[in-house]
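Reminder that position 328 of the sequence shown reads as 328 in the UniProt record's numbering, one-by-one numbering, no gaps.
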Amino acid sequence: MSFSSLVSDLTYRDRNGGNDDRRGPMSRQVSTMSRARSYASTAATSVSITGDISSQLHGGYSHPLARAWQAERQLTKSMLIYPLFITDNPDEETLIPSLPGQYRRGLNKIVPFLRPLIAKGLKSVILFGVPLHPDAKDALGTSADDPTGPVIASIRLLRKAFPSLFITADVCLCEYTSHGHCGILREDGSLNNALSVDRISDVAMAYAEAGAHCVAPSDMNDGRIRAIKLKLIEAGIAHKVVLMSYSAKFSGCLYGPFRDAAGSSPSFGDRRCYQLPPGGRGLARRAIVRDINEGADIIMVKPASQYLDIISDAKEIGKDLPVAAYQVSGEYAMICAAAKAGVFDLKTMAFEATEGILRAGASIVVSYFTPDFLDWLEN
Ligand SMILES: [Zn+2]
Numbered sequence: 001m002s003f004s005s006l007v008s009d010l011t012y013r014d015r016n017g018g019n020d021d022r023r024g025p026m027s028r029q030v031s032t033m034s035r036a037r038s039y040a041s042t043a044a045t046s047v048s049i050t051g052d053i054s055s056q057l058h059g060g061y062s063h064p065l066a067r068a069w070q071a072e073r074q075l076t077k078s079m080l081i082y083p084l085f086i087t088d089n090p091d092e093e094t095l096i097p098s099l100p101g102q103y104r105r106g107l108n109k110i111v112p113f114l115r116p117l118i119a120k121g122l123k124s125v126i127l128f129g130v131p132l133h134p135d136a137k138d139a140l141g142t143s144a145d146d147p148t149g150p151v152i153a154s155i156r157l158l159r160k161a162f163p164s165l166f167i168t169a170d171v172c173l174c175e176y177t178s179h180g181h182c183g184i185l186r187e188d189g190s191l192n193n194a195l196s197v198d199r200i201s202d203v204a205m206a207y208a209e210a211g212a213h214c215v216a217p218s219d220m221n222d223g224r225i226r227a228i229k230l231k232l233i234e235a236g237i238a239h240k241v242v243l244m245s246y247s248a249k250f251s252g253c254l255y256g257p258f259r260d261a262a263g264s265s266p267s268f269g270d271r272r273c274y275q276l277p278p279g280g281r282g283l284a285r286r287a288i289v290r291d292i293n294e295g296a297d298i299i300m301v302k303p304a305s306q307y308l309d310i311i312s313d314a315k316e317i318g319k320d321l322p323v324a325a326y327q328v329s330g331e332y333a334m335i336c337a338a339a340k341a342g343v344f345d346l347k348t349m350a351f352e353a354t355e356g357i358l359r360a361g362a363s364i365v366v367s368y369f370t371p372d373f374l375d376w377l378e379n
């Protein structure tokens, strides 16, 4: 039936008193006839039949597959990067209490842990070094690029054990400095940007030369993307190393469980003079523009769910770059805690949060849920 006949059908019904049966037997008879004539066409469209026919949406997502098609990006295993905490004690495997189900592992424990995950489709990991040896930390973060240290040793080990695994190395000094800040400090305790960039870019080079497919500086010093890119070019390896910048990394309380895991809390002060202030949307946009211009291949936003507008900005500014989002330890721990308290189902919420991050514009998600998703996405 055409739209015009639907409308004339309605007019007929209105003229005859619609479905109001309170006006006596004659009226009821007419009205019943009217209902018979118009039921098929109007009952389903009664909400806005005089409006535009495009008001009818339900049919478009009536089937599960049609619902999946509504998303611009659907979560796949290839989008996920799994964070690993690697310690300098080879046999360690310690549960991190504030990060449910996540462990700090030594070199001897990583390969057996990853093998079944890779069989299930794990594509990528990001490595964080966690030096536990009492002499491992100093003011310059010397052990960050120790060739026998946990990150470089695990890059070499994983490249050999799992040739298809994409290895990203987080690059920062805070796990290795005695003061716990993300660079080298001046005497007054502020970051010395020039020295920090020099050091950070050296560490990135050491990871790239050890075989990392991707280096990801998370320190937030100004100008470190340019410095790393230039050193990669100079060393002749810029063509085979992805440079992923933590461009919009906001300060805040969501990193607590990570700092427990990595032992990277600052011994004094905080990181508010180099990580972005939570309200700083314009600042984040400027940092994203800057890092693209300095040679970043991927832009990252961190945390994720509290900063969906920034992910959307990153996608708008960096239309031609992949955007990554780090669903940080606090986001993960909150979802686990709420699910444990019976607020919602863990799997449903993990999907909802991650799909929100994709909808905002990310196509890469660093997620502690990765091992779960490898199972969940199987079905
Ligand atoms: Zn740091």
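C-beta: ideal position from N, C-alpha, C; glycine also.
- Taking only the alpha-carbon atoms, compute the straight-line gap between residue 203 and residue 244 and give it to the nearest angstrom. 14 Å
- Per-residue DSSP class, three states only, for residue 59: helix
- Query: Among 273, 355, 186, 191, which residue has its Cα nearest to the Cα of residue 67?
  - Reply: Just measuring C-alpha positions, the residue of 273, 355, 186, 191 sitting nearest residue 67 is 355.
- At a cut-off of 7 Å, is residue 143 close to ligand 1 when judged by its beta-carbon and the heavy atoms of the ligand? no
- Task: For residue 65, I'd like the list of residues in its chain whose CB is within less than 6 Å of its CB, leaving aside the five on either flank, ordered along the chain.
- Result: none
- Task: Go ahead and pull the three-state DSSP assignment for residue 105.
- Result: strand
- Confirm, please, whether the CB-CB distance from residue 298 to residue 324 is below 8 Å. yes
- Task: Return the Cβ separation of residue 149 and residue 134 in integer angstroms, given the expectation that the two are a contact with Cβ distance under 8 Å.
- Result: No, residue 149 and residue 134 are not in contact; Cβ-Cβ is about 15 Å, not under 8 Å.
- Alpha-carbon spacing of residue 128 relative to residue 53, whole angstroms: 54 Å
- Does DSSP put residue 220 in a helix, a strand or coil? In the three-state DSSP reduction, residue 220 falls in the coil class, being neither helix nor strand.
- Message: Taking 7 Å as the limit between beta carbons, can you name the residues of its chain near residue 224, skipping five residues before and five after?
- Response: For residue 224, where only same-chain residues beyond five positions count, the Cβ hits under 7 Å are 197, 200, 201, 217.
- Message: Can you tell me which residues fall inside 5 Å of ligand 1, judged by beta-carbon distance to its nearest heavy atom, and keep chain order?
- Response: 172, 174, 182
- Have a look at residue 191 and residue 377 and give me their C-alpha separation to the nearest angstrom. 43 Å
- Would you mind listing the beta strand (DSSP E) stretches within the stretch 116-170 that are 3+ residues and don't spill past its ends, in chain order? 124-130
- Message: Assuming the contact rule is C-beta atoms closer than 8 Å, residue 288 and residue 314 should be a hit. Round their C-beta distance to whole Å, please.
- Response: 5 Å
- Message: Just verifying my parser: in three-state terms, what is the DSSP assignment at residue 187?
- Response: coil
- What number of angstroms, rounded off, separates the C-alpha of residue 270 from the C-alpha of residue 232? 31 Å
- Do the CB positions of residue 103 and residue 144 come within less than 8 Å of each other? It is not a contact, given that the beta carbons lie outside the stated cut-off.
- Message: Taking the beta carbon of residue 273 as the centre, do at least 16 other beta carbons fall within 10 Å, making it buried, or is it exposed?
- Response: exposed
- Item | Residue burial classification, residue 81 (beta-carbon count within 10 angstroms, cutoff 16) | buried
- Message: If distances are taken between C-alpha atoms only, which option among 347, 189, 359, 366 comes closest to residue 379?
- Response: 347
- Message: For residue 244, list the residues DSSP reports as bridge partners.
- Response: 298
- Taking Cβ positions, are residue 179 and residue 267 nearer each other than 8 Å? In contact: residue 179 and residue 267 (Cβ atoms closer than 8 Å).
- Message: Whole angstroms are fine: how far does the CA of residue 343 sit from the CA of residue 30?
- Response: Bear in mind that a pLDDT of 46 at residue 30, under 50, signals an unreliable position, so the model cannot answer this.
- Message: To the nearest angstrom, how far is the alpha carbon of residue 311 from that of residue 205?
- Response: 28 Å
- Given a cut-off of 8 Å, decide if residue 219 and residue 252 are closer than it, judged by their beta-carbon atoms. no
- Task: Taking the CB atoms as reference points, tell me whether residue 296 and residue 247 lie closer together than 8 Å.
- Result: yes
- Query: Cβ atoms of residue 126 and residue 210: under 8 Å apart, would you say?
  - Reply: In this structure, residue 126 does not lie closer than 8 Å to residue 210 by Cβ.
- Excluding the 5 residues preceding and the 5 following residue 238 in the sequence, name in chain order all residues of the same chain whose CB lies nearer than 6 Å to its CB. 232
- Task: Tell me the start and end of each unbroken alpha helix (DSSP H) in the stretch 323-350 that is at least 4 residues and wholly inside, in chain order.
- Result: Taking only runs of at least 4 residues, the alpha helix (DSSP H) segments lying wholly in the stretch 323-350 are 329-340.
- Roughly how many whole angstroms lie between the Cα atoms of residue 236 and residue 337? Distance between the alpha carbons of residue 236 and residue 337: 47 Å.
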